[in-house]
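Numbering (the numbering used here), first residue to last: 6 to 98.
This is the structure we're talking about:
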């Protein structure tokens, strides 16, 4: 997916991830995402908050519906869901 017009609400240093179709804000070490990452949908709404360790999602994550309520909560270990993970539907259209 090609980069859409950048919403004005996005942090200036947000990077577009074409394979995911979202923008991300995350620190980097040696070119790899490291630390807390926040991904944003093309409209600028928050999509996910997760932890990265040298490029891999590793640690707790929380994904959000477009209305801002959580849709997924759980833990990642080396880019794979680990342990108990929960999903929730939205009540909004």
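A virtual CB, placed ideally from N, CA and C, is assigned to each residue, including glycine. All values reported here derive from a predicted model rather than from experimental measurement.
The Cβ neighbour count for residue 38, taken over all protein chains shown within 10 Å, is at least 16; the residue is labelled buried. Distance check between residue 50 and each of 86, 79, 32, 19 places 19 closest, using alpha-carbon atoms only.
If you keep only unbroken alpha helix (DSSP H) runs of at least 4 residues inside the segment 52 to 77, you get nothing at all. When beta bridges are read from the DSSP output, residue 44 appears opposite 29, 53.
Here residue 43 has 30, 54 as same chain residues with Cβ atoms under 6 angstroms from its own Cβ, once five neighbours each way along the sequence are excluded.
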